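Structure, as structure tokens:
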Amino acid sequence: MRLWIRNPLGIVAEAAGGGIVTDGAVIAELVPAGGAPSLPIGEVFDASEHVVLPGLINTHHHFYQTLTRAHPAAIDQELFPWLKALYPLWARLNPDDLRLAVRVALTELLLSGCTTAADHHYLYPKGLEGAVDIAVEEARALGIRMTVSRGSMNLSQKDGGLPPDEVVQDEDTILADSERVLSLFHDPRPGSMIQIALAPCSPFSVTPALMAKSAELAARFDAPLHTHLAETADEEAYCLQVYGRRPLDLLEEVGWMRPKTWLAHGIHFSCEECERLGKAGVGVCHCPTSNGVLASGFCRTRELERAGAPLGLGVDGSASNDGSNLMEELRHALLTNRLHYQSASAVTARDVIRWASEGSARCLGRSDIGTIAAGMQADLALYKLDELRFSGAHDPVAALVLCGANRADRVMIGGHWRVVDGAVPGLDLAALRRSHGLAARRYA
Ligand SMILES: [Zn+2]
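Quick note on this note's numbering: the sequence shown kicks off at 123 and runs consecutively.
And the structure:
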């Protein structure tokens, strides 16, 4: 059944002033302004009050952290002390609480206009061995596309790492479970709803041997690789002290400098390192809100893009954001980048939209999502400009970022409406808020 999303108020696509036609899961045709579809149409959606964006793609998050937002133990601290304060609380995580946390984070993302989410789950206290399975089940229930990163930590305090012993696993357990979830869930084909990435957590919580073996395993399954890198000056000092190398040199040695690798944060890279990342096709997920909250520093977005590195956006874990609103992240990206580059034209509203769609898709190693074009997946985020904050706005696309849009009116994923009139059909939001709030009390 073909659907014509007709005459949008604004749209981020070339020559689609008359809207777009979707056919099943894909975009079939772009309609020029004043034109009509060339194919027979079954249904029409009047988009004259909507601004249409490619579905937003979030490339870094830790869903479980929604249980410890704005936690007094961690407020106003930088990354290492922040982690040390929260690790013992996170060690209490159980499957029921994780399921609620995942549902909350996915719902927040979806309502903000996100159509593909990536989660990085690296915490495995006893009993939480099915963490990836839970994320997959919840994503399928909501109909959202997802890259589930099977995270890992095998370097705990007893071996000189940062995390406590009870939240890590040994190398054999990690690799066996990574292979299990890759075999069960990873679908690398175009249009895929679930992909699995392997994601050893960070240089101060995993061994180089685990990084290297994860890369070999991911290559066997044509799966992406993900990790935190160059997030803070503390991390750089740790790598120099323990390994005698800078973080990126370490990454290169373990065989990660290749396309389908994407890094969270990527702040403390030199210009020469940005060039190396671009040449290798390694992506960087820019997380401006988290970087601001933890005072980690500025990502060299312009230098990375100029070097050819895919550049995406991520809200990061919900204890360092402390929200999961991807549309808000675009605004923060615009503001922090203009401050960093001290130029009001260095980064535009359309740049940050591109980062959160096309750039994020490239980070995840996908070419079937991220733009509005014929043949691409029908993943769309539609916003209305009917709130008071938009009254008087002229450029509808720029207004989304500049006036601070944070809630989609409609979201389509693979041709299915997953958000209608600003709500997820069939989801009792108040009940979810209540049960998640109750669960979070256990982490007080
Ligand atoms: Zn993170």
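For each residue, glycine too, the CB sits at the ideal point set by N, CA and C. As the structure is a prediction and not an experimental result, all values here were calculated from the model.
Exercise. Quick one: does the C-beta of Ala595 sit closer than 7 Å to a heavy atom of ligand 1?
Worked result: Residue coverage of the chain in this structure runs from 123 to 566, which leaves residue 595 outside it and unanswerable.
Exercise. Candidates Pro432, Asn129, Val143 and Ala137: which alpha carbon is nearest Gly497's?
Worked result: Residue numbering aside, residue 497 sits at position 375 when the sequence shown is read from its first letter. Answer by Cα proximity: Val143.
For this session: Would you mind sorting Arg500 into buried or exposed? The rule is 16 or more other CB atoms within 10 Å of its CB.
Result: Here the question's residue 500 lines up with position 378 in the sequence shown. Position check: residue 500 holds Ala in this sequence, whereas Arg was assumed. Per the 10 Å Cβ criterion, buried.
Exercise. How about His184: is its Cβ closer than 7 Å to a heavy atom in ligand 1?
Worked result: On the sequence shown, residue 184 is found 62 positions in, with the first residue counted as 1. The answer is yes for His184.
Exercise. Who are the near neighbours of Asp281 in its chain, counting only those whose CB is closer than 6 Å to its CB and skipping five residues on each side?
Worked result: Within the sequence shown, the letter at position 159 stands for residue 281. Answer for Asp281: no residue qualifies.
Problem set entry | In DSSP terms, what Thr349 is bridged to | For the purposes of this step, residue 349 is identified with residue 227 of the sequence shown, where counting begins at 1. Thr349 is bridged to Leu385.
For this session: Check whether the Cβ of Asp241 sits closer than 7 Å to any heavy atom of ligand 2, and report yes or no.
Result: This structure simply doesn't include ligand 2; it includes ligand 1 instead.
Problem set entry | His350 Cβ short of 7 Å to ligand 1 heavy atom set | As a first step, residue 350 is located in the sequence shown; it is residue number 228 there, counting from the start. Yes - ligand 1 has a heavy atom lying nearer than 7 Å to the Cβ of His350.
Exercise. According to DSSP, is Ile197 helix, strand or coil?
Worked result: As a working mapping, residue 197 is identified with position 75 in the sequence shown. If DSSP states are grouped into helix, strand and coil, Ile197 belongs with coil.
Exercise. Just how far apart, CA to CA, sit Ser327 and Leu435?
Worked result: As a working mapping, residue 327 is identified with position 205 in the sequence shown. As a working mapping, residue 435 is identified with position 313 in the sequence shown. Computed Cα separation, rounded: 24 Å.
Exercise. Can you pull the DSSP bridge partners for Lys506?
Worked result: Here residue 506 is taken as the residue at index 384 of the sequence shown, counted from 1. Residue pairing by DSSP places Lys506 opposite His172 in a beta bridge.
Exercise. Does the Cβ-Cβ distance between Val289 and Tyr209 come in under 8 Å?
Worked result: Locating residue 289 in the sequence shown gives position 167, where the first residue counts as 1. Locating residue 209 in the sequence shown gives position 87, where the first residue counts as 1. Result yes, Cβ atoms of Val289 and Tyr209 sit closer than 8 Å.
Exercise. Less than 7 Å between the CB of Asp356 and some heavy atom of ligand 1, yes or no?
Worked result: Taking the sequence shown and counting its residues from 1, the one referred to as residue 356 is at position 234. Because no heavy atom of ligand 1 lies under 7 Å away, the Cβ of Asp356 does not count as near it: no.
Exercise. If we ignore side chains and look at the alpha-carbon of each, how far apart do Ala334 and Ser557 end up?
Worked result: Reading the sequence shown from its first residue, position 212 is the one you call residue 334. Reading the sequence shown from its first residue, position 435 is the one you call residue 557. Cα-Cα distance, rounded: 40 Å.
For this session: Answer with buried or exposed for Ile197, where buried requires no fewer than 16 other C-beta atoms within 10 angstroms of its C-beta.
Result: Mapped onto the sequence shown, residue 197 falls at position 75. It is exposed - the Cβ of Ile197 has fewer than 16 other Cβ atoms within 10 Å.
Exercise. Apart from the five residues just before and just after Ala417, which ones in its own chain have a Cβ nearer than 8 Å to its Cβ?
Worked result: As a first step, residue 417 must be located in the sequence shown, where it is residue number 295. So the qualifying residues of the chain are Glu200.
Exercise. Given that a residue counts as buried once 16 or more other Cβ atoms are within 10 Å of its Cβ, and exposed if not, what is Met123?
Worked result: Translated into positions along the sequence shown, residue 123 becomes position 1. The Cβ neighbour count for Met123, taken over all protein chains shown within 10 Å, is under 16; the residue is labelled exposed.
For this session: Would you kindly report the start and end of the unbroken beta strand (DSSP E) that includes Pro322?
Result: Indexing the sequence shown from 1 puts residue 322 at position 200. Per DSSP, Pro322 belongs to the beta strand (DSSP E) from Ile316 to Pro322.
Exercise. Looking at the unbroken alpha helix (DSSP H) that takes in Ile256, where does it start and where does it end?
Worked result: Position 134 of the sequence shown holds residue 256. Taken as a continuous stretch (DSSP letters only), the alpha helix (DSSP H) holding Ile256 covers Ala253 to Leu264.
Exercise. If you pair each beta-carbon of the segment 513 to 533 with each one of the segment 179 to 199, do three or more pairs fall below 8 Å?
Worked result: no
Exercise. Any idea if His182 is buried or exposed, counting beta-carbon neighbours within 10 angstroms, 16 or more meaning buried?
Worked result: Locating residue 182 in the sequence shown gives position 60, counting from the first residue. The residue in question, His182, is buried, as its Cβ has 16 or more Cβ neighbours within 10 Å.
Exercise. Based on the DSSP secondary-structure assignment, which residues constitute the bridge partners of Val143?
Worked result: The residue you call residue 143 lines up with position 21 of the sequence shown. Val143 pairs with Trp126 and Glu151.
For this session: Return helix, strand or coil for His243, following the three-state DSSP convention.
Result: In the sequence shown, counting from the first residue as 1, residue 243 sits at position 121. Three-state result, His243: strand.
Exercise. Roughly how many angstroms separate the alpha carbons of Thr349 and Leu524, rounded to a whole number?
Worked result: Residue mapping note: residue 349 aligns to position 227 of the sequence shown, counting from 1. Residue mapping note: residue 524 aligns to position 402 of the sequence shown, counting from 1. Each residue's alpha carbon lies about 31 Å from the other.
Exercise. Should Ser444 be listed as close to ligand 1, given that the test is whether its C-beta is under 7 Å from any heavy atom?
Worked result: Taking the first residue of the sequence shown as 1, we reach residue 444 at position 322. The sequence given here has Asp at residue 444, not Ser. Checking the Cβ of Asp444 against ligand 1 gives no.
For this session: Would you mind giving the Cβ-Cβ distance between Asn413 and Cys421, rounded to the nearest angstrom? I have them listed as a contact below 8 Å.
Result: As a working note, residue 413 is residue 291 in the sequence shown. As a working note, residue 421 is residue 299 in the sequence shown. Correct: roughly 7 Å between the Cβ atoms.
Exercise. Tyr186 to Gly157, Cα distance in whole Å?
Worked result: For the purposes of this step, residue 186 is taken as residue 64 along the sequence shown, with counting starting at 1. For the purposes of this step, residue 157 is taken as residue 35 along the sequence shown, with counting starting at 1. Taking the straight line from one Cα to the other gives about 47 Å.
Exercise. What separation, rounded to the nearest whole angstrom, lies between the Cα atoms of Ala441 and Leu205?
Worked result: The residue given as residue 441 occupies position 319 in the sequence shown. The residue given as residue 205 occupies position 83 in the sequence shown. C-alpha separation (whole angstroms): 10 Å.
Exercise. Taking 7 Å as the cut-off, does the CB of Asp550 come closer than this to any heavy atom belonging to ligand 1?
Worked result: For the purposes of this step, residue 550 is taken as residue 428 along the sequence shown, with counting starting at 1. It does not: the Cβ of Asp550 is nowhere closer than 7 Å to a heavy atom of ligand 1.
For this session: Using 10 angstroms around the beta-carbon of Gln464, count the other beta-carbons present and answer buried if the total reaches 16, otherwise exposed.
Result: Position 342 of the sequence shown, counted from the first residue, corresponds to residue 464. Looking at its Cβ environment, which holds fewer than 16 other Cβ atoms inside 10 Å, Gln464 is exposed.
Problem set entry | Start-to-end residues for the beta strand (DSSP E) that takes in Ser274 | Residue numbering aside, residue 274 sits at position 152 when the sequence shown is read from its first letter. That run of the beta strand (DSSP E) goes Arg267 to Ser274.
Exercise. Apart from the five residues on each side of it in sequence, which residues of its chain come closer than 6 Å, Cβ to Cβ, to His454?
Worked result: The residue you call residue 454 lines up with position 332 of the sequence shown. Result list for His454: Pro410 and Thr411, in chain order.
Exercise. Closest to Glu230 by CA distance: which of Arg564, Arg540, Trp477 and Leu320 is it?
Worked result: Residue 230 sits at position 108 when you count from the first residue of the sequence shown. Out of Arg564, Arg540, Trp477 and Leu320, Arg540 has the C-alpha closest to the C-alpha of Glu230.
Exercise. Taking one C-beta from the segment 241 to 256 and one from the segment 444 to 463 each time, how about it: are there three or more such pairs within less than 8 Å?
Worked result: no
Problem set entry | Asn180, enclosing beta strand (DSSP E) - first and last residue | As a first step, residue 180 is located in the sequence shown; it is residue number 58 there, counting from the start. First-last of the beta strand (DSSP E) with Asn180: Leu178 to Asn180.
For this session: Examine the Cβ distances between the segment 217 to 231 and the segment 515 to 522 and report whether three or more of them are shorter than 8 Å.
Result: no
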